[in-house]
Every structure is written in structure tokens, then in C-alpha cells.
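Visitor: Counting in the numbering used here, the sequence shown runs from 101 upward without gaps.
Beta carbons are placed, not taken as given, at the ideal position from N, Cα and C, and that holds for glycine.
Just so we're clear, the structure is a prediction, and the values are computed from it rather than from any experiment.
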Amino acid sequence: MAHDTARRDDPAPGVRSVVAESWLRSSAAGVDPDAHLAPVVLDTADLADYRATHALSHVFPLLYDVLGRAAVDCDSVMAVGDASGHLLWVCGPPSVLRRAESINFVEGSVWSEPGAGTNAPGMALHLDAPVAVHAREHYNRLVHPWSCAAAPIHDPTTSRVLGVVDITGGPDVASPQSLAMIRAAARMAESELARLALTGTTLTVSASTDLPDATGVVRVRALGLPEAVVEVGGRTHRLSRRHSEILVALLENPAGLTAEELEARVYPGRVNASTLRAEMTRLRTLLGPDALASRPYRVLADTESDWRTVAALIGTGRVREALQAYKGPLLPGSEAPLAAELRDVLEAQVRSAVLRSGEADLMVGWTRSRWGATDLEMWERQAEALPATSPLRPVAEAEVARLLDTDA
Numbered sequence: 101m102a103h104d105t106a107r108r109d110d111p112a113p114g115v116r117s118v119v120a121e122s123w124l125r126s127s128a129a130g131v132d133p134d135a136h137l138a139p140v141v142l143d144t145a146d147l148a149d150y151r152a153t154h155a156l157s158h159v160f161p162l163l164y165d166v167l168g169r170a171a172v173d174c175d176s177v178m179a180v181g182d183a184s185g186h187l188l189w190v191c192g193p194p195s196v197l198r199r200a201e202s203i204n205f206v207e208g209s210v211w212s213e214p215g216a217g218t219n220a221p222g223m224a225l226h227l228d229a230p231v232a233v234h235a236r237e238h239y240n241r242l243v244h245p246w247s248c249a250a251a252p253i254h255d256p257t258t259s260r261v262l263g264v265v266d267i268t269g270g271p272d273v274a275s276p277q278s279l280a281m282i283r284a285a286a287r288m289a290e291s292e293l294a295r296l297a298l299t300g301t302t303l304t305v306s307a308s309t310d311l312p313d314a315t316g317v318v319r320v321r322a323l324g325l326p327e328a329v330v331e332v333g334g335r336t337h338r339l340s341r342r343h344s345e346i347l348v349a350l351l352e353n354p355a356g357l358t359a360e361e362l363e364a365r366v367y368p369g370r371v372n373a374s375t376l377r378a379e380m381t382r383l384r385t386l387l388g389p390d391a392l393a394s395r396p397y398r399v400l401a402d403t404e405s406d407w408r409t410v411a412a413l414i415g416t417g418r419v420r421e422a423l424q425a426y427k428g429p430l431l432p433g434s435e436a437p438l439a440a441e442l443r444d445v446l447e448a449q450v451r452s453a454v455l456r457s458g459e460a461d462l463m464v465g466w467t468r469s470r471w472g473a474t475d476l477e478m479w480e481r482q483a484e485a486l487p488a489t490s491p492l493r494p495v496a497e498a499e500v501a502r503l504l505d506t507d508a
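Written out as C-alpha cells, the structure is:
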């Protein structure tokens, strides 16, 4: 199990592979392992309207009867969420509910992996399988006092995931016995949904088109490209330089930015507020009306980005994969303050990881790139690491001599 002093994106020996993979996804999504709180995106009115028309409203009383009462007896909370990880119902003893509020485990919050990091509801939805997460297996250290177990619930007609049922509490919650009980409750809910369908009861499976995550995953590529390429809703867009810089800033700040904060990260100098508003209007038109929010500005959809994927691979020691995924500096040529900072940091991280690896072929790969071709230290280390019989060693030694002569 990982210790508090270990990095969350650097799995310790003995960590289950399914957990380590979830940490990687959490890191790539930009979750802060030390200070992140799950966002609360549905207020009381929106939550009431949404869950009243959700298919799981038909089986929530059953779930509470077979599982919720047991959670109360065990000083735990039961939660039922939709397929995007929005918690629709959270019930339990008042004292435990108050403690759960401290980590935003509340109705209306988002406990998908991108929303909250490694957790049982989010993993169950991602894997479409029952899962338990023990205290320190949570990516977010703020959640370490808790353990949880969850199972997905499926539409009996289409087999589509409708949502998830979860128990969160002390260490006993993550036991095999608890997981078996939660799995059984999920199957009972599915059986009840099937019975209701046969009797002609109308099931409204989705009001989710009105929810933020219904925009789907926004995938962004910006490594080695002067402008970012975005895939969303089955379409691919090449953004302008400014829109690329704005999107990078928003992805790096998933909790959102005020207009002033966004301007400071994107524009090298002062700019009129109307300029940013116009850019945001055009960007919202490209990505879809539900993809972006204002006050603060933030991306509402789940996101994937090539630069955060590389950073996550580096963080978990997968240097070879990181080098393969690193297609070049982030938005080369951009003078946006945040993009320039991220570009320098990521390049330094990849370069340092390659040097520390001591792997000659990785160093060869770095120096064969346009950004690493004049890296004297990398050529020197490469020459040292290559076997004396390697035909690449004389090439490396010659390049070292050339670069030293150039610097003289």
C-alpha cells in the first residue's frame, strides 16, 4: 500500500494493478492528489428534477431497503449515482453524512474518475464491474479515511449502464463480503427494472442529455502541433492558436478560472474583457453549447489530453511509453504564459526521465528528434551507454565532438 509520502501517480510496490491503472487515469485527468474535491454540479432544484425522471428512481426504495438500512447500521452511507458518476441519492446516519460532506460526497457531486480520482463508484462505471477501494488506494489523500465498494446497474433491455450503487464508510466496507452484498443489490435492482418493463411501467432512462457530462469525452492533442486538434462528438476540429491556448488553460484548471485568471494565463499582455468573451463564444460554438461553462470558465465534459497522458506515464515510471507518446513540445511557438510554462516543464520531465533511465535506445530516440538533436548531455550519456561494438557509438561520439567544437 502506498504511504502518504509517496506520489499518487507513482504506485508503490504491491498496489493492485487495477488501482495503479486508475491512478494513471486520474493523473491524466488532472486530479490533484493533495487538494482535489469532487465538483458539485447539480443544485437542489436541478437534482430533484433530474432524479425524478431517472430510471433508477424506480428502484431507489428497493436499494435503500436492502442496502441503505444496512449502511446505517454500519455507520456508512449508501449512494446511488447515474452513468456519469453524478450522485443522485446519498443516505446514512446524520453524523456520517456530515463527515462525508467534508470530501463533497454529497448529492449532486460527480464521483467519476475524472471528477474525483480513484474511487469505487468511478472505477465501477469505468470498468463496468463491481469494485472495492481501500482507504489509501484512493488517488486523493483527502479520501484516505474512507473505504468504498460499488457495483454498476444495467438497463435490463439494452444492457446499457444506468448508474451505480455504492457503500462508503470504514475499512470493513471494502471487504469481499460487503462487495458481494452490493453486487447482489445491483442484480436485485436490475431484476426489478426488468419486472417493471414487462408490466408496462414507463422507464425514463435518461435525462442525461441535460447534464454536463453528456457532451462526451473531449480529446485534445497539442504536442508538437502549432494549434491543438480536438475530437468531440465524433468530429475533429483544428483550433486557432488562441483557442488552443484557452483550452490548455482550462484543462489544466478543471475547477475553473475567472475571466481575470484565464486572461492572465493566456494573454502575454493586458487585454479587453470583451476580447476573451468573444473567443469563448466562438470556442463554445466549436465544442458544443454544453461543453463549456462560465462563472467560472471551465470544461464540463470529461477530457483527455496528450500532454497530461505523457506526464502521467512519466509519473508512473513508464518512460518508454512516455517517450513514444511525446510528439514534441506543447504548442511550440505559443507565448501564452501557461502554455509556455507547461511546455518547458513537460519537456524537462521527459528529458530527465530518459537520462535517469540509462537506456541507450531511449537516449537515441531523444537525440533523433528535432527538439533533442543538439542536446549535448544526452549525446554524451548515450555514447557512454552504448556498447563499444554498437555502430551507433561512433555516431554519438562524433556528435559530441561536433557540439563541443560548436560551443568552443
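Helix, strand or coil for T304? Go by DSSP, reduced to three states.
Guide: With a pLDDT of only 46 at T304, under the threshold of 50, the placement of this residue in the model should not be trusted; the figure read from the coordinates follows. DSSP places T304 in coil when its eight states are reduced to three.
Visitor: I'd like to check one pair, R199 with D134: are the Cβ atoms closer than 8 Å?
Guide: No, the pair does not count as a contact, with Cβ atoms beyond the cut-off.
Visitor: Just the C-alpha distance for D444 and P429, rounded to the nearest angstrom, thanks.
Guide: Distance between the alpha carbons of D444 and P429 is about 8 Å.
Visitor: Please give the ranges of any beta strand (DSSP E) in the stretch 211–266, keeping only runs that are unbroken, at least 3 residues long and fully inside the region.
Guide: Counting whole runs of 3 or more residues, the stretch 211–266 contains the beta strand (DSSP E) stretches 231–233, 247–254.
Visitor: Between A496 and V454, what straight-line distance do the alpha-carbon atoms span, to the nearest angstrom?
Guide: Whole-angstrom Cα-Cα distance: 16 Å.
Visitor: Looking at the unbroken alpha helix (DSSP H) that takes in T409, where does it start and where does it end?
Guide: Per DSSP, T409 belongs to the alpha helix (DSSP H) from 406–415.
Visitor: Where do the N-terminal and C-terminal ends of the beta strand (DSSP E) with A179 fall, by residue?
Guide: First-last of the beta strand (DSSP E) with A179: 177–182.
Visitor: List the residues that DSSP assigns as beta-bridge partners of L392.
Guide: DSSP output for L392 lists V399 as bridge partner(s).
Visitor: Compute the Euclidean distance between the alpha carbons of S117 and T409, then round it to the nearest angstrom.
Guide: Those two C-alpha atoms are separated by around 18 Å.
Visitor: If R319 sits next to E441, beta carbons under 8 Å apart, how far is it from one beta carbon to the other, in whole angstroms?
Guide: That pair is no contact at about 23 Å.
Visitor: Residues bridged to H136 by DSSP?
Guide: The partner list for H136 (beta bridge, DSSP) is empty, contrary to what the question assumes.
Visitor: Could you check which residue in D272, R420, F205, Q424 has the C-alpha nearest to that of P139?
Guide: Checking every option, the nearest Cα to that of P139 belongs to F205.
Visitor: According to the Cβ coordinates, are H226 and E213 closer than 8 Å?
Guide: Taking 8 Å as the Cβ cut-off, H226 and E213 qualify as a contacting pair.
Visitor: CB V261 to CB P221, shorter than 8 Å?
Guide: Cβ atoms of V261 and P221: not closer than 8 Å.
Visitor: L350 to A179, Cα distance in whole Å?
Guide: Between L350 and A179, the C-alpha separation is close to 30 Å.
Visitor: Three-state secondary structure (DSSP) at L325?
Guide: Coil at L325, not helix or strand.
Visitor: Quick check on D255: buried or exposed, where buried means 16 or more other Cβ atoms within 10 Å of its Cβ?
Guide: Result: buried.
Visitor: What residue range is occupied by the uninterrupted beta strand (DSSP E) comprising H154?
Guide: It is not in any beta strand (DSSP E) - H154 carries neither H nor E in the DSSP assignment.
Visitor: Pick from E207, A229, G208, V233: whose alpha carbon is nearest that of T218?
Guide: The option with the nearest alpha carbon to T218 is V233.
Visitor: Please return the same chain residues whose Cβ sits closer than 6 Å to the Cβ of R341, not counting the five positions on each side in sequence.
Guide: Excluding sequence neighbours, R341 sits near E327.
Visitor: Apart from the five residues on each side of it in sequence, which residues of its chain come closer than 7 Å, Cβ to Cβ, to E421?
Guide: Hits under 7 Å: L413.
Visitor: From S176 to E207, what does the alpha carbon distance come to, in whole angstroms?
Guide: Taking the straight line joining both Cα atoms gives about 15 Å.
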